[in-house]
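Engineer: Chains as they are written, first to last, in this note's numbering: chain F, 28 to 353; chain R, 28 to 353; chain A, 28 to 353.
Sharing a structure here in structure tokens format.
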Amino acid sequence: MVNNMKNNPQLNRNGELQHLLTIEGLPAATLRHILDTASSFLNVAEREVKKVPLLQGKAIFNLFFEPSTRTRTTFEIAAKKLSADVINLNVGASSTSKGETLLDTVDNLAAMQADMFIVRHSQSGAPHLIARHVAPHIHVVNAGDGRHAHPTQGLLDMFTIRHYKQDLTSLRVAIVGDMLHSRVARSQIHALTTLGVPEVRVIAPKTLIPACAERMGVQIYHDMAKGLKDVDVIIMLRLQNERMRGALLPSAQEYFKYYGLTTEKLALARPDAIVMHPGPMNRGVEIESSVADGVQSVILSQVTFGIAVRMAVMSILMGSGAGSKQ
Amino acid sequence: MVNNMKNNPQLNRNGELQHLLTIEGLPAATLRHILDTASSFLNVAEREVKKVPLLQGKAIFNLFFEPSTRTRTTFEIAAKKLSADVINLNVGASSTSKGETLLDTVDNLAAMQADMFIVRHSQSGAPHLIARHVAPHIHVVNAGDGRHAHPTQGLLDMFTIRHYKQDLTSLRVAIVGDMLHSRVARSQIHALTTLGVPEVRVIAPKTLIPACAERMGVQIYHDMAKGLKDVDVIIMLRLQNERMRGALLPSAQEYFKYYGLTTEKLALARPDAIVMHPGPMNRGVEIESSVADGVQSVILSQVTFGIAVRMAVMSILMGSGAGSKQ
Amino acid sequence: MVNNMKNNPQLNRNGELQHLLTIEGLPAATLRHILDTASSFLNVAEREVKKVPLLQGKAIFNLFFEPSTRTRTTFEIAAKKLSADVINLNVGASSTSKGETLLDTVDNLAAMQADMFIVRHSQSGAPHLIARHVAPHIHVVNAGDGRHAHPTQGLLDMFTIRHYKQDLTSLRVAIVGDMLHSRVARSQIHALTTLGVPEVRVIAPKTLIPACAERMGVQIYHDMAKGLKDVDVIIMLRLQNERMRGALLPSAQEYFKYYGLTTEKLALARPDAIVMHPGPMNRGVEIESSVADGVQSVILSQVTFGIAVRMAVMSILMGSGAGSKQ
Numbered sequence: 028m029v030n031n032m033k034n035n036p037q038l039n040r041n042g043e044l045q046h047l048l049t050i051e052g053l054p055a056a057t058l059r060h061i062l063d064t065a066s067s068f069l070n071v072a073e074r075e076v077k078k079v080p081l082l083q084g085k086a087i088f089n090l091f092f093e094p095s096t097r098t099r100t101t102f103e104i105a106a107k108k109l110s111a112d113v114i115n116l117n118v119g120a121s122s123t124s125k126g127e128t129l130l131d132t133v134d135n136l137a138a139m140q141a142d143m144f145i146v147r148h149s150q151s152g153a154p155h156l157i158a159r160h161v162a163p164h165i166h167v168v169n170a171g172d173g174r175h176a177h178p179t180q181g182l183l184d185m186f187t188i189r190h191y192k193q194d195l196t197s198l199r200v201a202i203v204g205d206m207l208h209s210r211v212a213r214s215q216i217h218a219l220t221t222l223g224v225p226e227v228r229v230i231a232p233k234t235l236i237p238a239c240a241e242r243m244g245v246q247i248y249h250d251m252a253k254g255l256k257d258v259d260v261i262i263m264l265r266l267q268n269e270r271m272r273g274a275l276l277p278s279a280q281e282y283f284k285y286y287g288l289t290t291e292k293l294a295l296a297r298p299d300a301i302v303m304h305p306g307p308m309n310r311g312v313e314i315e316s317s318v319a320d321g322v323q324s325v326i327l328s329q330v331t332f333g334i335a336v337r338m339a340v341m342s343i344l345m346g347s348g349a350g351s352k353q
Numbered sequence: 028m029v030n031n032m033k034n035n036p037q038l039n040r041n042g043e044l045q046h047l048l049t050i051e052g053l054p055a056a057t058l059r060h061i062l063d064t065a066s067s068f069l070n071v072a073e074r075e076v077k078k079v080p081l082l083q084g085k086a087i088f089n090l091f092f093e094p095s096t097r098t099r100t101t102f103e104i105a106a107k108k109l110s111a112d113v114i115n116l117n118v119g120a121s122s123t124s125k126g127e128t129l130l131d132t133v134d135n136l137a138a139m140q141a142d143m144f145i146v147r148h149s150q151s152g153a154p155h156l157i158a159r160h161v162a163p164h165i166h167v168v169n170a171g172d173g174r175h176a177h178p179t180q181g182l183l184d185m186f187t188i189r190h191y192k193q194d195l196t197s198l199r200v201a202i203v204g205d206m207l208h209s210r211v212a213r214s215q216i217h218a219l220t221t222l223g224v225p226e227v228r229v230i231a232p233k234t235l236i237p238a239c240a241e242r243m244g245v246q247i248y249h250d251m252a253k254g255l256k257d258v259d260v261i262i263m264l265r266l267q268n269e270r271m272r273g274a275l276l277p278s279a280q281e282y283f284k285y286y287g288l289t290t291e292k293l294a295l296a297r298p299d300a301i302v303m304h305p306g307p308m309n310r311g312v313e314i315e316s317s318v319a320d321g322v323q324s325v326i327l328s329q330v331t332f333g334i335a336v337r338m339a340v341m342s343i344l345m346g347s348g349a350g351s352k353q
Numbered sequence: 028m029v030n031n032m033k034n035n036p037q038l039n040r041n042g043e044l045q046h047l048l049t050i051e052g053l054p055a056a057t058l059r060h061i062l063d064t065a066s067s068f069l070n071v072a073e074r075e076v077k078k079v080p081l082l083q084g085k086a087i088f089n090l091f092f093e094p095s096t097r098t099r100t101t102f103e104i105a106a107k108k109l110s111a112d113v114i115n116l117n118v119g120a121s122s123t124s125k126g127e128t129l130l131d132t133v134d135n136l137a138a139m140q141a142d143m144f145i146v147r148h149s150q151s152g153a154p155h156l157i158a159r160h161v162a163p164h165i166h167v168v169n170a171g172d173g174r175h176a177h178p179t180q181g182l183l184d185m186f187t188i189r190h191y192k193q194d195l196t197s198l199r200v201a202i203v204g205d206m207l208h209s210r211v212a213r214s215q216i217h218a219l220t221t222l223g224v225p226e227v228r229v230i231a232p233k234t235l236i237p238a239c240a241e242r243m244g245v246q247i248y249h250d251m252a253k254g255l256k257d258v259d260v261i262i263m264l265r266l267q268n269e270r271m272r273g274a275l276l277p278s279a280q281e282y283f284k285y286y287g288l289t290t291e292k293l294a295l296a297r298p299d300a301i302v303m304h305p306g307p308m309n310r311g312v313e314i315e316s317s318v319a320d321g322v323q324s325v326i327l328s329q330v331t332f333g334i335a336v337r338m339a340v341m342s343i344l345m346g347s348g349a350g351s352k353q
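If you want it as structure tokens, here you go:
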């Protein structure tokens, strides 16, 4: 259990990306390197044989302690396009129910000659715990932990914005919705501020804004009309159904009335503003269908770019100095 | 969302197979092309390396909204023998439970650079809906929708009959059992009549024959002794257990007595008649073990031929003009 | 259904390994051949591309009638490192619930051009039944059946002991724990005695020792202090939680007190004794954490060696004379 990564466990002693756990604390150059690498993978989809042999013979484990077919699939596709072998594990259903500890499960899979773990867990910090624990030739990617982070989602969002807007340093970006429970929002905000976006707004009811929001360098709005004024990018967050049953929100109809993105509200943004959503969408709750399917929507491009971004992350991690056994 | 396929959504403007949704309405030449192509794949199993690189780098999604390990596995094997990458999705358990619409799920998977969807759904018509919706470079295969169609099963049955009987234009074929609830029977009848089989009989109790049966060009029998007389091919249908609990049938024993295929009843058919069943079999309900395992049974050959037929369908779809991105 | 294997269904007429069902009755030379072949696969993990093309185009079915993510994963990884295609089937959830018989399920999968079945089943003898039933070009590996056998676990344990101790013919080995319910223990004892280990001890409370134990050539101890004295190898067995709820054992605490392996008890063994466990471990029940993670523990090496041993078994089976279609 070597650990040279006390300060930033994501970077090795050469400053190369060893794990991808959170966007917080990563240098802008690292983020740009990922986005540039992703650009080079975009055209793999246009080739006759849509694969590259970069990770041939590598074993990538999808280690999902919380089920998510959609996210698991994007990583599986990205890994297969890199010619890696993918092992899918829904761990909730197996070893943990046999009383084994998380780290024993990880040690066992590592001993099966894993090269990379893609980890989703309902507990914030679980991927960090695993990253600190594994041997240095094994890489960990956080695929969503509790309310903490979902860094590949944040990165694919940056890729999308850069694709449509080129220069990020003159943009106004609004994130709309349930920031309180959203690991996606946290990763987006860290990425946007690191990459020099001068104005990041969060628009949400008071009950869905966390205490830490202002410290993160965002401007807070409770009114859509004011918050969307003249923005270049609108990122809608998914409203999880269980929130609406709780005390935090009155009803889906009420939420849609005040915070749902309609054609009318979209008109307040800049005319060339793009509309993003991490999916899956609740049509008629956080977004109107005419907007979701409209010309300003880039929601499906986000998904496509997500494959290229995940290919970039995987290939960069496996290529880092610590990636080869000493 | 281009759609040049209003009249027959399965064929593109060049008359090539774009999707395989139902056998109904497909020209005999198209069916024969599939069967001929399947013949050429049969010998792949005899090679030292039992694979061909035809679909290398293609991503084929098994999109099963209704679970079926057996059917899913046959498509998975066929795809892997063509060197495609296979992504298995049991969608019932994931996105749909998050309130996402069917078409949003499909759009998302398509944006992950899918080349083909193999779709099973409990709702008749769901694969059509998806085929009409996707971009023209994506192909859809119906792997069973509601009570409507199961075209690859119908095709593998035709392959089997042609393999053992060569000329289809002089055959008497009897389909025995629950036609009312059987998408398999519907696909078989369309295939048999399209390929010129002059006499197709359906043998079943009145409660298990749909109103549309006579319009489909079959002869209806309620008596096994009469229906099986001098036939060349006997296709048994699976009796689903839930039917026996309902009002449509008295009991499994009673059903077996009147409609179960026994050695005795089989003797009424031509001496060289073959016995088929789509599986899984209920031994002692619709078929006696001595018949299922007897010399006239070709039930396991159907399974083997099913792999070759599915390889043929996949490779033909991917090779059609619309299969390459414009 | 040819069967030339009445006497020992695991060996073909040339004495080559046709199936791996149990270690009982296998010649020492066969075991040594597997271990030697596994040694040659160990270094595959050190290569730049960690795969060999030995089983390219072969279809290996993980046929698990009893769920076990861990064991299934080790076979999946081993098969993929040999470049085989792997089909994972959790059969409990599918065909058997449709009323199909075990052998009908197997026949169907065999007709899908399977080359090998890896079988786990809660019923002792199920893999034998399948091996007797399938055509001679199909190979069966028992991945654990009831309380009967788990031969690849036994083999990887032998590989581990040989790796650390070289000469097996001068060793004292103690197996500690619930031998009564353990297929692992049975396979270990057969392997140890076949390979010439002169002294095999079983240490357990009387309620967890089967009647057949003495006939297997082991010495029985109920006292850890006496049983561990001067042994070279300690193999801990997993205590299944359900045993502790039954009448066989008082409590986990009580069990740990008498039969849990602590640093103190470990000191009774030879100073260079190694500690093994098949996993998953119950820390604080059958083994103390300081021992599990201590310098004498080789538990994670067992897992790594398990991949190489399973690669060896698969490649030997596929290379045997009956492995090529006649």
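For each residue, glycine too, the CB sits at the ideal point set by N, CA and C.
Shorter than 8 Å from the beta carbon of E364 (chain A) to some beta carbon of chain R?
Structural biologist: Since the first residue of chain A shown is 28 and the last is 353, residue 364 (chain A) is not available in this structure.
Engineer: Just to confirm, is the Cβ distance from G173 (chain R) to Q150 (chain R) under 8 Å?
Structural biologist: yes
Engineer: Roughly how many whole angstroms lie between the Cα atoms of V340 (chain A) and L44 (chain A)?
Structural biologist: Between V340 (chain A) and L44 (chain A), the alpha-carbon positions lie close to 9 Å from each other.
Engineer: Do A105 (chain F) and R265 (chain F) come within 8 Å of each other at the CB atom, strictly closer than that value?
Structural biologist: no
Engineer: V146 (chain R): which of R:A162, R:T98 and R:H304 sits nearest, CA to CA?
Structural biologist: R:T98
Engineer: Straight-line CA distance for F328 (chain A) to E51 (chain A)?
Structural biologist: For the sequence presented, residue 328 (chain A) should be read as Ser rather than Phe. Rounded to the nearest angstrom, the two C-alpha atoms are 25 Å apart.
Engineer: I'd like to know whether the C-beta of N31 (chain A) is nearer than 8 Å to at least one C-beta of chain R.
Structural biologist: Note that N31 (chain A) has pLDDT 38, beneath the 50 cutoff, so the model's placement of it is unreliable and no number is given.
Engineer: Taking V76 (chain F) as the reference, which of F:S110, F:L255 and F:G333 has the closest Cα?
Structural biologist: F:S110
Engineer: Three or more beta-carbon pairs under 8 Å between the stretch 217–229 of chain F and the stretch 158–167 of chain F, yes or no?
Structural biologist: No: fewer than three Cβ pairs fall under 8 Å.
Engineer: Scan the stretch 256–323 of chain F and note each continuous beta strand (DSSP E) run of 3 residues or more that stays entirely inside, going in chain order.
Structural biologist: 260–263 and 301–303
Engineer: If you measure between the beta carbons of Y288 (chain F) and M263 (chain F), is that distance less than 8 Å?
Structural biologist: Looking at the sequence itself, residue 288 (chain F) is Leu, so the reference to Tyr does not match. Yes. Within cutoff.
Engineer: Quick one: which residues of the stretch 139–158 of chain A get their C-beta closer than 7 Å to a C-beta of chain R? List them in chain order.
Structural biologist: M139 and Q140
Engineer: Checking contacts by CB at 8 Å: is L116 (chain F) closer than that to chain A?
Structural biologist: The beta carbon of L116 (chain F) falls within 8 Å of a beta carbon belonging to chain A, placing the residue at that interface.
Engineer: Got a sec: is the Cβ-Cβ distance from Q353 (chain F) to anything in chain A below 8 Å?
Structural biologist: Confidence in Q353 (chain F) is poor, its pLDDT being 32 and thus under 50, which makes the residue's placement unreliable; the coordinate value appears in the next sentence. For Q353 (chain F), the answer is no, since every Cβ of chain A falls outside 8 Å of its Cβ.
Engineer: Could you tell me whether any non-hydrogen atom of the ligand SAH is closer than 7 Å to the CB of E93 (chain R)?
Structural biologist: The model on display carries no ligand, and the ligand SAH is accordingly not part of it.
Engineer: If you measure between the beta carbons of L136 (chain R) and F88 (chain R), is that distance less than 8 Å?
Structural biologist: yes
Engineer: Just to confirm the assignment, what range does the alpha helix (DSSP H) spanning Q150 (chain F) have?
Structural biologist: Per DSSP, Q150 (chain F) lies in no alpha helix (DSSP H) segment and is marked neither H nor E.
Engineer: Compare the C-alpha of I236 (chain R) against each of R:V227, R:I247 and R:Q323 and name the closest.
Structural biologist: For I236 (chain R), the nearest C-alpha among the options comes from R:I247.
Engineer: In chain order, what residues of the same chain have a beta carbon less than 7 Å from the beta carbon of P36 (chain R), not counting five sequence neighbours either side?
Structural biologist: H46, L48, H155, A158 and R159
Engineer: Please report the residue range of the beta strand (DSSP E) in which A212 (chain A) lies.
Structural biologist: Premise fails: A212 (chain A) lies in the alpha helix (DSSP H), R210 to T221, not in any beta strand (DSSP E).
Engineer: I need the straight-line Cα distance from V318 (chain R) to A201 (chain R), nearest angstrom please.
Structural biologist: 16 Å
Engineer: Is R210 (chain F) buried or exposed, if buried means 16 or more other CB atoms sit within 10 Å of its CB?
Structural biologist: buried
Engineer: Name, in chain order, the residues that DSSP records as bridge partners for E226 (chain R).
Structural biologist: R:R199.
Engineer: With DSSP as the reference, label G84 (chain A) as helix, strand or coil.
Structural biologist: Here G84 (chain A) sits in coil by DSSP.
Engineer: Tell me whether the beta-carbon of I301 (chain A) lies closer than 8 Å to the beta-carbon of V325 (chain A).
Structural biologist: yes
Engineer: Hey, how far is the Cα of F68 (chain A) from the Cα of G84 (chain A)?
Structural biologist: Straight-line Cα distance between these residues: approximately 19 Å.
Engineer: Ends of the alpha helix (DSSP H) at V330 (chain R)?
Structural biologist: I326 to G346
Engineer: Identify the residues that DSSP records as bridge partners of L44 (chain A): which are they?
Structural biologist: A:L38
Engineer: Select from the stretch 326–349 of chain A all residues with a C-beta closer than 8 Å to any C-beta belonging to chain R, and list them in chain order.
Structural biologist: none
Engineer: With a threshold of 8 Å between beta carbons, is A72 (chain F) in contact with chain R?
Structural biologist: With its beta carbon less than 8 Å from one in chain R, A72 (chain F) belongs to the interface.
Engineer: E103 (chain R) versus chain A: which residues are under 8 Å apart at the beta carbon?
Structural biologist: I114
Engineer: Taking 8 Å as the CB-CB cut-off, is A176 (chain F) touching chain A?
Structural biologist: no
Engineer: Tell whether a beta-carbon distance below 8 Å holds between M139 (chain R) and I334 (chain F).
Structural biologist: Yes, these two residues count as a Cβ contact at 8 Å.
Engineer: Chain F beta carbons: is any one of them nearer than 8 Å to that of K85 (chain A)?
Structural biologist: Under the 8 Å criterion on CB atoms, K85 (chain A) is classed as non-interfacial with respect to chain F.
Engineer: For G171 (chain R), name the three-state secondary structure that DSSP assigns.
Structural biologist: strand
Engineer: For G204 (chain F), decide whether its Cβ has a neighbour in chain R, counting only Cβ atoms nearer than 8 Å.
Structural biologist: no
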